[in-house]
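Below is one structure, written out as structure tokens, with a few remarks after it.
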Amino acid sequence: MAFYRPAPYQKPVAIAVLLAMLALPSVLTAFGQEFYIGFATRVLIFALAASSLNLVLGFGGMFSLGHAAFFGVGAYAAATCLNSGIGDALLAFPLAMLAAGLFALVVGAISLRTRGVYFIMITLAFAQMAYYLFISARVWGGDDGLSLASRMTLGGFSLSSDSALYFVALACLALSIVFLGRLADARFGRVIQAIRENETRMEALGYPVFRYRLICFALGGALAGLAGALLANLTGLASPNLLQWTQSGTLLVMVIIGGVGYLYGGVVGALVLLCLEEVLAGFTLHWHIALGLLLLGIVLFAPKGVAALFGKRHG
Amino acid sequence: MAEALLEVRSLSRRFAAVDALQGVNFSVEAGEVHALIGPNGAGKTTFIHHVSGALQPDSGSVHFSGADVTALSMHQRVAAGMARSYQITNVFLGLSALDNVALAVQGRADAGSSFRFWKPARNEQRLFDEAHDFLNQVGLAWRAESLAGNLAHGEQRALELAMALATRPKMLLLDEPMAGAGPEESARMVELIEHLARHVTILLVEHDMNAVFRLADRVSVLVNGCLICTGTPDEVRADPEVRRAYLGDHL
């Protein structure tokens, strides 16, 4: 293993892409393709969710199969906030992150006592428990989920236009990526990456491994919660399906396609998967077959993911 | 007599039908090199795991530096001043030698919290300066930038030692530091341990009898989970029970 270190050209490329994305809504509007602003927002949101899983899986080495639970809790928290009068994202988003982060803290505190396949199963179990809880609780709308009467505001500005929400999602993703990039290089990031490689050795160097893992897990949960809050605004609904294990699977697939343990792995994976879905679903209902072939190709020919073709780990 | 740095009192541990350790009493005085020897399967590794905190005993207790540490986890014992090296080289192969030791320095309580999420650790000159000093102590300073995976076997063993030293231990627990080393590497390791022994107490588990009798102030012999003898190298060498049970024609 090595500590994550971006390729030297990564930063200028990222800034160029960011600038292009700032211009995207006006370009799409100019061509009369406003519909795709919503789609782009979806990509950004899933990029954030997948990146949060990549923190847990790629950097922390924790193979969680329940990450969608935190995504969903964020969405429900946002919907609950809005419906109870907290309509400003400046307050509602942090609350959603707090709710998801605290839930992750509880799940992690129990799950992280197990290893390997047991950890996979117990995170899955927690997520399914949360799923059934939301489905069966009337206050949260049961099967139908919790709909949002309107979109939130942000510091007084309405997010009801698709471009406005797009820019908020872009800002959230960009800030999260900056944070994750700094984290990977900071003391905490070095510790969790070393724990991923050899937890016993880290324990023998005096590190309380469990605590570091737990904080990493909770941070990932909180970021997923932020993505959930954004998605609830986009779709106007906090749906129980967000917590389902297939959703966790989708996030995992995104991270694996993009690149486990690469800063932009989640972003690239979300982009590839959602674009593929968008394009192929126009041709055939069986677009999953193509997805399967893509996954197969990636595992065989680029096992570290697409982002790995561009970034590298330093030696 | 001054209180021992490490004191193990009637430690017992059973694995299924095997009594791996049976009422072991054992102590390491501050400043000494205490070697633990015994034939394969005698329970040395199990014993080390109980001292380091990787395993919990069925009964008995472990006292370190005046405190009962039996219930403490491994990382807590490290923080209390007990560092260990591994029998099988256990370093981060993908990291440079310097990064390996810097991780060990960073883990120390006096190096500050590692729950820092923003400032690049790379720029913390103090961590790396200190890591460099420890590499220097084991004669690896010139390899600081090499990947640990590219180091020779003996160098990896030395790196392992540097990492243990970087935790600033009161006691070093060395689990077969000579394992897998050639005669030349062994000789260098013996010299290194001799050098370290001037600054730190050492509990040495080792198969290489030449090394043991050269380095140790006291030797304890573990056979079938029982500690049958403790004494100076000469006493142990002369002990008839030890000769019968273990050393045989080695001496």
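So the sequences go chain by chain: A and B. Just so we're aligned, residue 1 is where the first sequence starts under the numbering used here, counting upward by one. Just so we're aligned, residue 1 is where the second sequence starts under the numbering used here, counting upward by one. We put the beta carbon where it would ideally sit given N, CA and C, even for glycine.
Which full runs of the beta strand (DSSP E) of 3+ residues lie inside the stretch 282–314 of chain A, going along the chain? none
Is it the case that the stretch 70–89 of chain B contacts the stretch 49–56 of chain B, given that we only count it when at least three CB pairs across the two stretches are under 8 Å? yes
Quick check on DSSP: helix, strand or coil for asparagine 120 of chain A? Residue numbering aside, residue 120 of chain A sits at position 120 when the first sequence is read from its first letter. The amino acid occupying residue 120 of chain A in the given sequence is isoleucine; asparagine does not appear at that position. Isoleucine 120 of chain A falls in the helix class under three-state DSSP.
By Cβ distance below 7 Å, which residues in the same chain neighbour valine 223 of chain B in space, the five residues on each side in sequence not counted? As a first step, residue 223 of chain B must be located in the second sequence, where it is residue number 223. The residues are Gly38, Pro39, Ala42, Ala245 and Tyr246.
Beta carbons nearer than 9 Å to chain B: which residues of the stretch 191–209 of chain A have them? Val191, Ala194, Glu197, Asn198, Thr200, Arg201, Met202, Glu203, Ala204, Leu205, Gly206, Tyr207, Pro208 and Val209
Is there a C-beta anywhere in chain A that falls below 9 Å from the one on asparagine 25 of chain B? The residue you call residue 25 of chain B lines up with position 25 of the second sequence. Cβ-Cβ to chain A under 9 Å: no for asparagine 25 of chain B.
Please state the DSSP three-state secondary structure of alanine 20 of chain B. For the purposes of this step, residue 20 of chain B is taken as the residue at position 20 of the second sequence. Reduced to three states, the DSSP call for alanine 20 of chain B is strand.
Let me know the secondary structure DSSP gives leucine 237 of chain A once reduced to three states. The residue given as residue 237 of chain A occupies position 237 in the first sequence. In the three-state DSSP reduction, leucine 237 of chain A falls in the strand class (E or B).
Do alanine 47 of chain A and valine 73 of chain A have their CB atoms nearer than 9 Å? By 1-based counting over the first sequence, the position of residue 47 of chain A is 47. By 1-based counting over the first sequence, the position of residue 73 of chain A is 73. Cβ distance not < 9 Å, so alanine 47 of chain A and valine 73 of chain A don't count as in contact.
By DSSP's criteria, isoleucine 202 of chain B is part of a beta bridge. Which residues make up the other side? For the purposes of this step, residue 202 of chain B is taken as the residue at position 202 of the second sequence. DSSP, once it has assigned bridges, lists B:Val33 and B:Leu172 as partnering isoleucine 202 of chain B.
Is it right to say histidine 314 of chain A is buried, meaning 16 or more other beta carbons lie within 10 angstroms of its own, or is it exposed? As a position in the first sequence, residue 314 of chain A is number 314, starting the count at 1. Confidence at histidine 314 of chain A is low in this model, with a pLDDT of 41, below 50, so the placement of that residue should be treated as unreliable; the coordinate-derived value is given next. In summary, histidine 314 of chain A is exposed, with fewer than 16 beta-carbon neighbours lying within 10 Å of its beta-carbon over all protein chains present.
So, valine 191 of chain A versus glycine 107 of chain B, is the Cβ gap smaller than 9 Å? Reading the first sequence from its first residue, position 191 is the one you call residue 191 of chain A. Reading the second sequence from its first residue, position 107 is the one you call residue 107 of chain B. Yes, Cβ-Cβ distance for valine 191 of chain A and glycine 107 of chain B is below 9 Å.
To the nearest angstrom, report how far apart leucine 251 of chain B and proline 233 of chain B are at their CA atoms. The residue you call residue 251 of chain B lines up with position 251 of the second sequence. The residue you call residue 233 of chain B lines up with position 233 of the second sequence. Legend: pLDDT at leucine 251 of chain B = 46, less than 50; position of this residue unreliable, value from coordinates given subsequently. Linking leucine 251 of chain B to proline 233 of chain B through their CA atoms gives a straight-line distance of about 12 Å.
Residues of the stretch 115–129 of chain B in Cβ contact with chain A at a cutoff of 7 Å, in chain order, please. Phe115, Arg116, Phe117, Trp118, Lys119, Pro120, Ala121 and Arg122
Using Cβ-Cβ distances below 9 Å, what residues of the stretch 200–234 of chain B are close to chain A? none
Partners in chain A for valine 78 of chain B, counting only beta-carbon separations shorter than 9 Å: Locating residue 78 of chain B in the second sequence gives position 78, counting from the first residue. Correct list: Glu203, Ala204, Leu205, Gly206 and Tyr207.
Using a Cβ-Cβ cut-off of 7 Å (strictly less than) and excluding sequence neighbours within five positions of glutamate 255 of chain B, which residues of its own chain qualify? With chain B covering only 1 through 251, there is no way to say anything about residue 255 of chain B.
State the Cα-Cα distance for the pair alanine 40 of chain A and tyrosine 166 of chain A, rounded to the nearest angstrom. The residue labelled residue 40 of chain A in the question sits at position 40 within the first sequence. The residue labelled residue 166 of chain A in the question sits at position 166 within the first sequence. Going by the C-alpha atoms only, they are around 7 Å apart.
Which residues, taken in chain order from the stretch 136–169 of chain B, show a beta carbon closer than 7 Å to some beta carbon of chain A? Listed in sequence order: Leu147, Met163 and Thr167.
Mind checking if histidine 50 of chain B is an interface residue toward chain A, Cβ cutoff 9 Å exclusive? Here residue 50 of chain B refers to the residue found at position 50 of the second sequence. Answer no: the Cβ-Cβ gap between histidine 50 of chain B and chain A never drops below 9 Å.
Give me the Cα-Cα distance between glutamate 145 of chain B and phenylalanine 3 of chain A, rounded to the nearest whole angstrom. Residue 145 of chain B sits at position 145 when you count from the first residue of the second sequence. Residue 3 of chain A sits at position 3 when you count from the first residue of the first sequence. When rounded, the distance between both Cα atoms is 14 Å.
Work out the CA separation of histidine 75 of chain B and proline 208 of chain A for me, nearest whole Å. Along the first sequence, read from residue 1 onward, the residue named residue 208 of chain A stands at position 208. Along the second sequence, read from residue 1 onward, the residue named residue 75 of chain B stands at position 75. Between proline 208 of chain A and histidine 75 of chain B, the C-alpha separation is close to 6 Å.
To the nearest angstrom, how far is it from the Cα of alanine 35 of chain B to the Cα of leucine 172 of chain B? Along the second sequence, one-based indexing puts residue 35 of chain B at 35. Along the second sequence, one-based indexing puts residue 172 of chain B at 172. Going from the Cα of alanine 35 of chain B to the Cα of leucine 172 of chain B covers about 12 Å.
Rounded straight-line distance, which links the Cα of glycine 220 of chain A to that of leucine 53 of chain A: Along the first sequence, one-based indexing puts residue 53 of chain A at 53. Along the first sequence, one-based indexing puts residue 220 of chain A at 220. Taking the straight line from one Cα to the other gives about 6 Å.
Under 8 Å by Cβ, that's how I've got tryptophan 245 of chain A and leucine 133 of chain A pegged, so tell me the actual separation to the nearest angstrom. On the first sequence, position 245 is the one that residue 245 of chain A refers to. On the first sequence, position 133 is the one that residue 133 of chain A refers to. Actually they do not touch by this definition, with Cβ atoms about 14 Å apart.
Going along chain B, which residues have a C-beta under 7 Å from leucine 2 of chain A? Counting from one through the first sequence, the residue named residue 2 of chain A turns up at place 2. As written in the sequence, residue 2 of chain A is alanine, which differs from the leucine given in the question. Within chain B, the residues near alanine 2 of chain A are Gly94 and Leu95.
Closer than 8 Å, Cβ to Cβ, to anything on chain B: give me those residues from the stretch 174–190 of chain A, in chain order. Taking 8 Å as the Cβ-Cβ cut-off against chain B, the residues of the stretch 174–190 of chain A that qualify are Phe179, Arg182, Leu183, Asp185, Ala186, Arg187, Phe188, Gly189 and Arg190.
Within the same chain, show all residues whose beta-carbon is closer than 6 Å to that of glutamine 137 of chain B, passing over the 5 residues directly before and after it, in chain order. For the purposes of this step, residue 137 of chain B is identified with residue 137 of the second sequence, where counting begins at 1. Nothing listed; no residue qualifies.
Nearest-angstrom beta carbon gap, leucine 98 of chain B and leucine 135 of chain B [assumed within contact, 8 Å]: Here residue 135 of chain B refers to the residue found at position 135 of the second sequence. Here residue 98 of chain B refers to the residue found at position 98 of the second sequence. Indeed they touch by this definition, with Cβ atoms about 7 Å apart.
Per DSSP, the bridge partner or partners of glycine 231 of chain B: Here residue 231 of chain B refers to the residue found at position 231 when the second sequence is read from its first residue. B:Val219.
Can you tell me which of B:Gly112, B:Val101, B:Glu3 and B:Glu185 puts its alpha carbon nearest to the alpha carbon of alanine 30 of chain B? Taking the first residue of the second sequence as position 1, residue 30 of chain B is located at position 30. Considering only alpha carbons, the answer is B:Glu3.
Close Cβ partners of alanine 181 of chain B (< 8 Å) along its chain, the five nearest in sequence each way excluded: Here the question's residue 181 of chain B lines up with position 181 in the second sequence. Here the set comprises His153, Gly154, Arg157 and Met189.
List the DSSP bridge partners of proline 39 of chain B. Within the second sequence, numbered from 1, the residue matching residue 39 of chain B stands at position 39. For proline 39 of chain B, which the question treats as bridged, DSSP gives no partner whatsoever.
Among A:Leu295, A:His288 and A:Gly265, nearest to proline 6 of chain A - alpha-carbon criterion: The residue you call residue 6 of chain A lines up with position 6 of the first sequence. Here the closest residue by C-alpha is A:Gly265.
Contacts that isoleucine 215 of chain A makes with chain B (C-beta to C-beta distance below 8 Å): Here residue 215 of chain A refers to the residue found at position 215 of the first sequence. The answer, in chain order, is Phe115.
Specify the secondary structure class of leucine 6 of chain B as computed by DSSP and reduced to three states. Along the second sequence, one-based indexing puts residue 6 of chain B at 6. In this structure, leucine 6 of chain B counts as strand in the three-state DSSP scheme.
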